[in-house]
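Colleague:
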Amino acid sequence: MNEAFRPPGLSPVTNAAEGLPRRRFTVAEIEEMTAKGIIAEDERIELIGGEIVPMSAKGNQHEMLKAALTVHWARRLPDDLMMVTETTFRLTVDTYLEPDFVFYPRASGIRGLGAGTAKLVVEIADSSLGYDLGRKAALYAGFGIAELWVIDAVRLVTHVHREPSPDGYATVAALGPDRRVAPLVADALAVVLSELELR
1137 MNEAFRPPGL
1147 SPVTNAAEGL
1157 PRRRFTVAEI
1167 EEMTAKGIIA
1177 EDERIELIGG
1187 EIVPMSAKGN
1197 QHEMLKAALT
1207 VHWARRLPDD
1217 LMMVTETTFR
1227 LTVDTYLEPD
1237 FVFYPRASGI
1247 RGLGAGTAKL
1257 VVEIADSSLG
1267 YDLGRKAALY
1277 AGFGIAELWV
1287 IDAVRLVTHV
1297 HREPSPDGYA
1307 TVAALGPDRR
1317 VAPLVADALA
1327 VVLSELELR
C-alpha cells in the first residue's frame, strides 16, 4: 500500500479473517490500483485466488544467487528460448505470482506467457523456503507448470519438481550444490550451483 494513505503505526498486513467472506480482487484491479498509486509499484505482493499475499523480503543470499544465475543463463540461453526475471506471471484472472525466473519459447513472446507456455519456473528462496516448497509448488502444479525449481539460497539445494497434476508434482528431487542440474527444456541451461561466483 502506498504509505501516503496509511495512518501512522498501522501495520500493512493483517491476519486473515478465517471463515468470513473476503473481497476477491482480479489481476486487472491490482494493476489499476498500482497505476493510480494506491499500491506502490515496488510493493512485493502476489495475488492468489483473488487474495493479496505479501511476499517475504529478499536477503543477500537470494540476490547474490539471482544475479549469478542471471549471468549464467543469459550466456547459455538457446535461440528458441526467452528468459524473464521477476515478471508478473498471470495464471488466471485472479492469480499472479512473481517467480525469480520464467523460461518460455521465443515464438510465443512475452504476451503469450502463461501456464501453458512456461517451460521452466525458478523460485529462489531463503526465508520463504517452506512456503515455496509447499503452497506455491502446489499452485504451480495445479496450473500445469511443467517444471519448477525451488532453490534454497542458503544451502544451495535445488528442489526439482516435474510431472505436474492437480494433486501436486509426481516427482520431486533435492539436488545438492555440487550436482549438475539441467532443465528438461534445454540441457544448455544446466548449472552446478557450487561453481557459480556469488558476490
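Sequential numbering from 1137 applies to the sequence shown in our numbering. All C-beta atoms in this analysis are idealised placements derived from N, C-alpha and C, irrespective of residue type, glycine included. What you are looking at is a predicted structure, and each value in this text was computed from that prediction instead of being measured.
Tell me the residue span of the alpha helix (DSSP H) that contains G1278.
Modeller: Residue mapping note: residue 1278 aligns to position 142 of the sequence shown, counting from 1. Run containing G1278: 1273-1278, per the alpha helix (DSSP H) assignment.
Colleague: Applying the criterion that 16 or more other CB atoms from any shown protein chain within 10 Å of the CB defines a buried residue, is M1191 buried or exposed?
Modeller: Against the sequence shown, residue 1191 aligns to sequence position 55. By the 10 Å Cβ count, M1191 comes out exposed.
Colleague: Let me confirm a value: V1207 is counted as buried when at least 16 other C-beta atoms fall within 10 Å, else exposed. Which label applies?
Modeller: In the sequence shown, the residue the question calls residue 1207 occupies position 71. With fewer than 16 Cβ atoms within 10 Å of its Cβ, V1207 is classed as exposed.
Colleague: Which runs of the beta strand (DSSP E) fall wholly inside the stretch 1188-1245 and span at least 3 residues, in chain order?
Modeller: Runs found: 1217-1221, 1225-1228, 1231-1233, 1237-1241.
Colleague: What number of angstroms, rounded off, separates the C-alpha of M1219 from the C-alpha of G1155?
Modeller: Sequence index remark: in the sequence shown, residue 1219 carries index 83 (1-based). Sequence index remark: in the sequence shown, residue 1155 carries index 19 (1-based). Distance between the alpha carbons of M1219 and G1155 is about 40 Å.
Colleague: What's the C-alpha gap between L1201 and G1245?
Modeller: Counting from one through the sequence shown, the residue named residue 1201 turns up at place 65. Counting from one through the sequence shown, the residue named residue 1245 turns up at place 109. Cα to Cα, L1201 sits roughly 26 Å from G1245.
Colleague: Is the separation between the beta-carbon of I1181 and that of I1188 shorter than 7 Å?
Modeller: Along the sequence shown, one-based indexing puts residue 1181 at 45. Along the sequence shown, one-based indexing puts residue 1188 at 52. Going by C-beta atoms, I1181 is nearer than 7 Å to I1188.
Colleague: Below 8 Å on the Cβ atoms is my guess for R1242 versus A1324; work out the distance and round it to an integer in Å.
Modeller: Residue 1242 sits at position 106 when you count from the first residue of the sequence shown. Residue 1324 sits at position 188 when you count from the first residue of the sequence shown. Actually they are not in contact, since the Cβ atoms of R1242 and A1324 sit about 14 Å apart, beyond 8 Å.
Colleague: Tell me the DSSP secondary structure of V1293 in three-state form.
Modeller: Indexing the sequence shown from 1 puts residue 1293 at position 157. Correct three-state label for V1293: strand.
Colleague: Is the beta carbon of F1237 closer than 7 Å to that of T1221?
Modeller: Locating residue 1221 in the sequence shown gives position 85, where the first residue counts as 1. Locating residue 1237 in the sequence shown gives position 101, where the first residue counts as 1. Going by C-beta atoms, T1221 is nearer than 7 Å to F1237.
Colleague: Tell me whether E1283 is buried or exposed, calling it buried when 16 or more other Cβ atoms sit within 10 Å of its Cβ.
Modeller: Position 147 of the sequence shown holds residue 1283. Burial call: buried.
Colleague: Can you tell which of D1288, F1161, V1296 has its C-alpha closest to the C-alpha of I1281?
Modeller: Along the sequence shown, one-based indexing puts residue 1281 at 145. Checked all of D1288, F1161, V1296; the closest Cα to I1281 is V1296.
Colleague: Just to confirm the assignment, what range does the beta strand (DSSP E) spanning E1259 have?
Modeller: If you number the sequence shown from 1, residue 1259 lands on position 123. E1259 -> beta strand (DSSP E) spans 1256-1261.
Colleague: What residue range is occupied by the uninterrupted alpha helix (DSSP H) comprising V1286?
Modeller: Numbered from 1 along the sequence shown, position 150 holds the residue referred to as residue 1286. Careful: V1286 lies outside any alpha helix (DSSP H), inside the beta strand (DSSP E) at 1283-1288.
Colleague: Out of F1279, D1314, A1306, E1167, which has the shortest C-alpha to C-alpha gap to V1293?
Modeller: Counted from its first residue, the sequence shown places residue 1293 at position 157. If we check each option's Cα against that of V1293, D1314 comes out closest.
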